[in-house]
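Chains A and B are the protein sequences, given in the same order. Letter by letter, the first sequence follows residues 0 to 209 in numbering that gives the first Met the number 0. Letter by letter, the second sequence follows residues 0 to 125 in numbering that gives the first Met the number 0.
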Amino acid sequence: MTDHVTDAPGAAITWHHLDPDDHDHGGGATVLGFWIYLMSDALIFASLFAMFGVVSTSYAGGPVPRQIFDLPLVALNTALLLASSITFGQAMPHMEAGRIGPTRLWLAVTGLLGAAFVGIELYEFSHLIAEGAGPQRSAFLSAFFTLVGTHGAHVTVGLIWIATMLIQIGQHGLTGEMRRRVMCLSMFWHFLDIIWIGVFNFVYLYGVIR
Amino acid sequence: MSTHSLHAAPGPQGSARGHGSRRGYRIGAVLSIILTVVPFWLVMSGALPDPAVTAAIIFALALVQIVVHVVSFLHLDTQSEGGWTLLAFLFTAVIVVLTIGGSVWVMYHLNANMMPMPDSATSTMR
Numbered sequence: 000m001t002d003h004v005t006d007a008p009g010a011a012i013t014w015h016h017l018d019p020d021d022h023d024h025g026g027g028a029t030v031l032g033f034w035i036y037l038m039s040d041a042l043i044f045a046s047l048f049a050m051f052g053v054v055s056t057s058y059a060g061g062p063v064p065r066q067i068f069d070l071p072l073v074a075l076n077t078a079l080l081l082a083s084s085i086t087f088g089q090a091m092p093h094m095e096a097g098r099i100g101p102t103r104l105w106l107a108v109t110g111l112l113g114a115a116f117v118g119i120e121l122y123e124f125s126h127l128i129a130e131g132a133g134p135q136r137s138a139f140l141s142a143f144f145t146l147v148g149t150h151g152a153h154v155t156v157g158l159i160w161i162a163t164m165l166i167q168i169g170q171h172g173l174t175g176e177m178r179r180r181v182m183c184l185s186m187f188w189h190f191l192d193i194i195w196i197g198v199f200n201f202v203y204l205y206g207v208i209r
Numbered sequence: 000m001s002t003h004s005l006h007a008a009p010g011p012q013g014s015a016r017g018h019g020s021r022r023g024y025r026i027g028a029v030l031s032i033i034l035t036v037v038p039f040w041l042v043m044s045g046a047l048p049d050p051a052v053t054a055a056i057i058f059a060l061a062l063v064q065i066v067v068h069v070v071s072f073l074h075l076d077t078q079s080e081g082g083w084t085l086l087a088f089l090f091t092a093v094i095v096v097l098t099i100g101g102s103v104w105v106m107y108h109l110n111a112n113m114m115p116m117p118d119s120a121t122s123t124m125r
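What follows is the structure, encoded as structure tokens:
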């Protein structure tokens, strides 16, 4: 957009139309726009949580949470995702200081933790389906697979995004555009960790004690 | 109290690069680990005899942890983007509470007010 502006003669003044504090984020309106996207994504998850809440005791004579949820595995998964959120936070100051190596290292660690999370979740899903506790068994299990699966799909997209950033930082260095992209990815990743707080408390822990 | 200190942390560095308050981030990381371990411990050890009390505690801790993550990891404060991120967040929070709370409330009462059915009919429907 700015390229077009500078092509026009005498238009250099338009470079200054942004507020000075917008430069802090390396993205200006992008950060606010991405924030709005995250909020809309939160609404999607809210509707999935609401659906799960409504049918969470509709077992149709099938398995109940206490029988099928493996809490040590859920605890491990929670630890992996929380750790990945913290390691992503380690990457950010390195990125702001322009250190390419440590930024990529911490991003790669975050990606590995996220991949382990998705791997364990897929193992859990396949285990449940093999036990006959698949999504078609009861309304409870349909809602469970939809909610947790949607979260897992988001994390998978986040992994693709991390891999893309690792490659692009290698190609372009930490330019303003790259910082903006990693900034948005950081918000996306922390957001998914927040959704997981709802999942492990309301779905797994509450499911086991009710 | 913890929320207050987290809010205070971004202050000194706000004029430098926006999203890098290390102290608020570290406090948030420690708090989030505690707020994750405690609910798992409560449920897995069965420390409290009454499940309803355990449920109330883990729900309360979940809400606290969500606030901690939003403040220390997503850096939500009253200043960034001229307050628009906070406004959007509060609006979303209202809708989320209405959606989840309203659905569960309405459907719970719908179920409670249904005529009782024989077990066989109930199990095929539910």
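We put the CB at the ideal spot given by N, CA and C, even for glycine. A quick note: this is a predicted structure, and the numbers were derived from the prediction, not measured.
Does the Cβ of Asn110 of chain B have 16 or more other Cβ atoms within 10 Å, making it buried, or fewer, making it exposed?
It is exposed - the Cβ of Asn110 of chain B has fewer than 16 other Cβ atoms within 10 Å.
How big is the Cα-Cα spacing for Leu85 of chain B and Pro62 of chain A?
Their backbone Cα atoms lie some 42 Å apart in a straight line.
Whose Cβ in chain B lies nearer than 8 Å to the Cβ of Arg209 of chain A?
By Cβ distance, chain B contributes Pro50, Ala54.
For Leu191 of chain A and Gly157 of chain A, which I take to be in contact (beta-carbon distance under 8 Å), what is that distance rounded to the nearest angstrom?
So it is a contact: roughly 6 Å between Cβ atoms.
Counting along the chain, where does the alpha helix (DSSP H) carrying Pro115 of chain B start and finish?
Element bounds for Pro115 of chain B: n/a, residue is neither H nor E.
Express the C-alpha separation of Val69 of chain B and Leu89 of chain B in angstroms, rounding to a whole number.
If I take the Cα positions, the gap works out to 12 Å.
Taking 8 Å as the threshold (C-beta atoms), are Thr53 of chain B and Leu34 of chain B in contact?
In this structure, Thr53 of chain B does not lie closer than 8 Å to Leu34 of chain B by Cβ.
Could you say if the region 100-110 of chain B and the region 46-53 of chain A meet the contact criterion of at least three C-beta pairs nearer than 8 Å?
Yes, since at least three Cβ pairs between the region 100-110 of chain B and the region 46-53 of chain A fall closer than 8 Å, the two stretches touch.
By the criterion of Cβ-Cβ separation under 8 Å, what are the contact partners of Ile35 of chain A in chain B?
Near Ile35 of chain A (Cβ distances below 8 Å), the residues of chain B are Ala87.
By a C-beta neighbour count over all protein chains shown, 10 Å radius and 16 as the cutoff for buried, is Thr102 of chain A buried or exposed?
Buried, because 16 or more other Cβ atoms sit within 10 Å of the Cβ of Thr102 of chain A.
When you compare the CB positions of Asn200 of chain A and Pro38 of chain B, do they come within less than 8 Å of one another, or not?
Yes; because the gap between Cβ atoms is below 8 Å, this pair is in contact.
Is it the case that the Cβ atoms of Leu146 of chain A and Val95 of chain B are separated by a distance below 8 Å?
Taking 8 Å as the Cβ cut-off, Leu146 of chain A and Val95 of chain B do not qualify as a contacting pair.
Tell me whether the region 74-86 of chain A and the region 172-181 of chain A touch, counting them as touching only if at least three CB pairs, one residue from each stretch, are closer than 8 Å.
No, because fewer than three Cβ pairs between the region 74-86 of chain A and the region 172-181 of chain A fall closer than 8 Å, the two stretches do not touch.
Can you tell me the Cα-Cα spacing of Val198 of chain A and Ala152 of chain A, whole angstroms?
Those two C-alpha atoms are separated by around 14 Å.
Can you tell me whether Leu75 of chain B is helix, strand or coil according to DSSP?
The answer is coil: DSSP assigns Leu75 of chain B none of H, G, I, E or B.
Whose CA, out of A:His93, A:Leu140, A:Ala114, lies closest to the CA of Phe124 of chain A?
The option with the nearest alpha carbon to Phe124 of chain A is A:Leu140.
For Gly25 of chain A, does the count of other Cβ atoms within 10 angstroms reach 16, so buried, or fall short, so exposed?
At Gly25 of chain A, the pLDDT of 49 sits below 50, so the modelled position is not reliable; the number obtained from the coordinates is stated separately. Flag for Gly25 of chain A reads buried.
Please work out which residues of its chain come closer than 8 Å, Cβ to Cβ, to Leu111 of chain A, disregarding the five sequence neighbours upstream and downstream, and give them in chain order.
There are no such residues.
Counting contacts by CB-CB distance shorter than 8 Å, is Leu43 of chain B in contact with chain A?
Per the sequence presented here, residue 43 of chain B reads as Met, with Leu not at that position. It does: the Cβ of Met43 of chain B has a partner Cβ on chain A nearer than 8 Å.
What are the boundary residues of the alpha helix (DSSP H) that Thr86 of chain A is part of?
Here the alpha helix (DSSP H) through Thr86 of chain A covers 70-95.
Excluding the 5 residues flanking Leu127 of chain A on each side, which residues of the same chain have their C-beta closer than 7 Å to its C-beta?
Only Ile67, Gly133 meet the Cβ criterion.
Spatial neighbours of Asn112 of chain B within its chain, please: C-beta separation below 7 Å, excluding the five flanking residues on both sides.
Around Asn112 of chain B: no qualifying Cβ.
Under a CB-based cut-off of 8 Å, is Val108 of chain A close to chain B?
Not an interface residue.
Is Met0 of chain B close to chain A, meaning its C-beta is less than 8 Å from at least one C-beta of that chain?
With a pLDDT of 35 at Met0 of chain B, under the threshold of 50, the modelled position of that residue is not reliable, and the figure given next carries that caveat. So, not an interface residue.
Closer than 7 Å, Cβ to any Cβ of chain B: which residues of the region 65-90 of chain A, in chain order?
Result list: Leu70, Ala74, Thr77, Leu81, Ser84, Ile85, Gly88.
Starting from the Cα of Phe144 of chain A, find the closest Cα among A:Pro71, A:Ile35, A:Val202, A:Ser39 and give me that residue.
The candidate whose alpha carbon is nearest that of Phe144 of chain A is A:Val202.
With burial defined as no fewer than 16 other Cβ atoms inside 10 Å of the residue's Cβ, what is the status of Gly27 of chain B: buried or exposed?
Gly27 of chain B comes out buried.
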